[in-house]
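> All you need for my numbering is the position in the sequence shown, starting with 1, plus 132. Quick reminder that beta carbons are idealized off the backbone N, C-alpha and C, glycines included. A quick note: this is a predicted structure, and the numbers were derived from the prediction, not measured.
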Amino acid sequence: MKYSHQIRHKVLGYEEMRLQINRWRFLEKKISFLEGRFDILYPGHLELLSQAAAMVDILVAGVYSDRSFEGEEQANKPVFDEHFRAALISGFVFVDAVIIFDQDALQELLVMISPDIFVKAGSLKIDDIAGADEVIRRGGAVKIFPEIKGLSGDKLDKKFYSF
133 MKYSHQIRHK
143 VLGYEEMRLQ
153 INRWRFLEKK
163 ISFLEGRFDI
173 LYPGHLELLS
183 QAAAMVDILV
193 AGVYSDRSFE
203 GEEQANKPVF
213 DEHFRAALIS
223 GFVFVDAVII
233 FDQDALQELL
243 VMISPDIFVK
253 AGSLKIDDIA
263 GADEVIRRGG
273 AVKIFPEIKG
283 LSGDKLDKKF
293 YSF
């Protein structure tokens, strides 16, 4: 693949991510973070990622690990493995870094990244967002983008997985 190096170098492990975050902080870069399964990509993902990137200098995307779905029914598990999903997200030019993480380690990841903006989508309330209190406590903000009508990931996933 012509662009495989450019894509692969964006997917970082924990230690690499910690060092990169420190570099960006030294350069006084504003960082946003969003996380998700990113299994079946659709225009809503693209819109959310681009909006998240437009607010800051650096966009970090967290991709739930395969381990995050252990014990789930097969219909709820991702179609693609974590590395494939991370590579897809890292292929967007406005995504600066991607990390694969266990969903139950979100709090730890938010402490490490300490985003200026934690991005979510949907009809959520801040009190219902795991990790929002940690981001706010550290001086960051939580930005909730409304779902784009007709582009709900959950609805599309249900249609796809019902085949």
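I'd like to know whether the C-beta atoms of residue 168 and residue 196 end up nearer to each other than 9 Å.
Yes; because the gap between Cβ atoms is below 9 Å, this pair is in contact.
> Ends of the beta strand (DSSP E) at residue 164?
Per DSSP, residue 164 belongs to the beta strand (DSSP E) from 163-168.
> Are there 16 or more other CB atoms within 10 angstroms of the CB of residue 257, so buried, or fewer, so exposed?
When all chains shown are included, residue 257 counts as exposed.
> What are the boundary residues of the alpha helix (DSSP H) that includes residue 267?
Counting along the chain, the alpha helix (DSSP H) containing residue 267 begins and ends at 264-269.
> Do residue 190 and residue 163 have their beta-carbon atoms positioned less than 9 Å apart in this structure?
Yes, they are a contact pair.
> Which one of 250, 182, 259, 229 has the shortest CA to CA distance from residue 155?
Among 250, 182, 259, 229, the Cα nearest to that of residue 155 is on 229.
> Using CA atoms only, rank isn't needed, just tell me which of 227, 279, 208 is closest to residue 252.
Nearest of 227, 279, 208 to residue 252, Cα basis: 279.
> Taking the alpha-carbon positions, what's the residue 173 to residue 151 distance?
C-alpha separation (whole angstroms): 29 Å.
> What does the Cβ neighbour count give for residue 204, buried or exposed, with the cut at 16 atoms within 10 Å?
By the neighbour-count rule (16 or more Cβ atoms within 10 Å), residue 204 is not buried but exposed.
> Using alpha carbons as the reference points, say which of 166, 141, 148, 144 lies closest to residue 248.
For the residues 166, 141, 148, 144, the minimum Cα distance to residue 248 belongs to 166.
> Residue 245 lies in the beta strand (DSSP E); which residues open and close that run?
First-last for residue 245: 238-245, but that is the alpha helix (DSSP H), not the beta strand (DSSP E).
> Around the Cβ of residue 184, are there at least 16 other Cβ atoms within 10 angstroms (buried) or fewer (exposed)?
By the neighbour-count rule (16 or more Cβ atoms within 10 Å), residue 184 is buried.
> Does DSSP put residue 277 in a helix, in a strand, or in coil?
Correct three-state label for residue 277: strand.
> DSSP three-state label for residue 249, please.
Residue state, collapsed to three classes: strand.
> Considering Cα atoms alone, identify which of 188, 271, 277 is closest to residue 243.
Minimum Cα distance to residue 243 is reached at 271.
> If you follow the beta strand (DSSP E) that residue 224 is in, where does it begin and where does it stop?
No beta strand (DSSP E) holds residue 224; DSSP gives it neither H nor E.
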